[in-house]
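Participant: Here you go, one structure.
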Amino acid sequence: WFLPVTAGTQFVTVGGAIANDVHGKNHHWAGSFGAHVRQFGLHRSDYGLVVCSPDQNPDMFRATIGGLGLTGVIAWADIQLRPVAGPWIDSELIPFESLASFLDLSRESDGCFEYTVAWLDCFAGRNPRGIFFRGNHSAEPGKTFRPKRGPKLPFPLPAWLLNRYTVKTFNTAYYQTQAAKKGSSLVAYDSFFYPLDSVRQWNLLYGKNGFLQYQCVIPDTNVAALEELLDRIARSGQGSFLGVLKQFGSAPAAGMLSFPRPGLTLALDFAMRGERTLQLMRSLDEVVQQSGGALYPAKDARMSPALFETSFPRWRNFVPYIDPKMSSSFWRRVTEVK
């Protein structure tokens, strides 16, 4: 048995997956995590334990999926898993050298590959090179599977190690190394779904000041906005070595505040360099807001009320379902509630 939708890391909780309505590499086939939740028990300060499902308390059910933990505490959940033959993925790796090539690969792959995602070289600007990954669960049990424990970073690396020159060098080396592996292969599920988990405490790569993650979705009809985002990132010199691009499918939103929607989603990690990094993100916000796109609350640390309004224009419909004794710094920030 396997999760119908899994995030990019295996270190998540079921409650967190529901509360953020996480998505994976197969949104175009399976939608988001919340679409596969059959029911759950929700502890509330006003009603006690409330059972929620599409048939029982359906409005509270939809509010809690993607509800950012504000509707109560999820006590238990029933999730519909899916059977698979084994822990192996029939994977294919394809290098590309333009945004148009990525879009062609997405269109070509969506009908026959359940999982699709791409790594981008963020220093390449409007027409980025990258590696397109696609795969399906293998129908063969395959060889014996042995989980691997990767190395663990023991301490934060010095901040100066992560600069535009070292990241550029890494991106070039990664592209060339992966491009040399192009073609089909049988890979273990954990290396396919959770490549970063192979380095424990990988966040320490960014030094003691950490990093900010930025994930947005841009409407399919506005590829020019995505090109502008990539151009601003390249010109800033703050490119990320972890740039991920994915095309969402047309699955309906599972929750009132669900992030996934039809469009192109770009996710990046930026080493925190104070005001310089924040200024770049405000610049990216302008593009996202003008395009009618959205920012992902699960990965946010500084979204403005204006961008939250653009991202989730119907958020006020959610307010009546908030537990009267629940709140968060995020919610107070984006709704201007002091």
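First residue of the sequence shown? That's 45 in our numbering, and the numbers climb one at a time after it. Ideal Cβ placement from N, Cα and C applies to all residues, glycine included. These numbers come from a predicted model, not from an experiment.
#1: Based on Cα-Cα distance, which residue from Gly174, Glu271 and Ser229 lies nearest to Ala217?
#2: Only counting the same chain, and skipping five residues up and downstream in sequence, which positions put a Cβ closer than 6 angstroms to that of Ser280?
#3: Starting from the C-beta of Phe146, find all residues in its chain whose C-beta is less than 7 angstroms away, skip the five residues before and the five after it, and write them out in chain order.
#4: Report the three-state DSSP secondary structure of Ala269 (helix, strand or coil).
#5: Asp134 and Ser302: beta carbons closer than 9 angstroms?
#6: Where DSSP assigns a beta bridge to Val261, which residues make up the other side?
#7: Whole-angstrom Cβ separation of Ala203 and Gly251, contact assumed at under 8 angstroms?
#8: Span of the beta strand (DSSP E) holding Glu380?
#9: Can you tell me the Cα-Cα spacing of Ala61 and Gln291, whole angstroms?
#10: Candidates Val378, Phe199 and Val117: which alpha carbon is nearest Trp246's?
#11: What's the C-alpha gap between Thr115 and Val95?
#12: Going by DSSP, what residues sit across from Tyr159 in a beta bridge?
#13: Expressed to the nearest angstrom, what Euclidean distance is found between the alpha-carbon atoms of Arg178 and Pro191?
#14: Between Asp367, Leu230, Ser373 and Leu137, which lies nearest to Phe189 when the distance is taken from Cα to Cα?
#15: Considering only residues of the same chain and omitting the five flanking positions on each side of Val206, which have a CB-CB separation below 6 angstroms?
#16: Should Leu248 and Leu286 be called a contact, given that it needs their Cβ atoms to be closer than 9 angstroms?
#17: Grab the span of the beta strand (DSSP E) containing Phe14 for me, first residue to last.
#18: Does DSSP put Leu351 in a helix, in a strand, or in coil?
#19: Please state if the CB of Gly111 and the CB of Phe362 are separated by a distance shorter than 9 angstroms.
#20: Since I believe Gly299 is in contact with Pro263 (beta carbons under 8 angstroms), could you give me their beta-carbon distance rounded to a whole number of angstroms?
#21: For the segment 323 to 339 against the segment 262 to 276, do three or more pairs of beta-carbon atoms, one drawn from each stretch, fall closer than 8 angstroms, so that the two count as touching?
#22: Indicate whether the contact test is met: 3 or more Cβ pairs, each with one atom in the segment 67 to 78 and one in the segment 46 to 56, closer than 8 angstroms.
#23: Output yes or no for whether 9 angstroms exceeds the beta carbon distance between Leu47 and Leu125.
Facilitator: Short version:
#1: Gly174
#2: Leu324
#3: Phe140, Ala162, Gly174, Phe176 and Leu289
#4: Helix, per DSSP.
#5: no
#6: As DSSP reads the structure, Val261 sits in a beta bridge with Thr309 and Ala338.
#7: A Cβ-Cβ distance of about 4 angstroms is found for the pair Ala203 and Gly251, placing them in contact under the 8 angstroms criterion.
#8: Counting along the chain, Glu380 falls outside any beta strand (DSSP E), and DSSP gives it neither H nor E.
#9: 20 angstroms
#10: Distance check between Trp246 and each of Val378, Phe199 and Val117 places Phe199 closest, using alpha-carbon atoms only.
#11: Here the C-alpha atom of Thr115 lies approximately 13 angstroms from the C-alpha atom of Val95.
#12: Gly179
#13: 22 angstroms
#14: Leu230
#15: In the sequence as displayed, the identity of residue 206 is Leu instead of Val. Leaving aside the five residues that flank Leu206 on each side, the residues in its chain whose CB is nearer than 6 angstroms to its CB run, in chain order, Ala315.
#16: The answer is no: Cβ separation not under 9 angstroms.
#17: Outside the displayed range of the chain (45 to 382) lies residue 14, so it cannot be described from this structure.
#18: helix
#19: Yes, these two residues count as a Cβ contact at 9 angstroms.
#20: The pair is not a contact, with the Cβ atoms about 20 angstroms apart (cut-off 8 angstroms).
#21: yes
#22: yes
#23: yes
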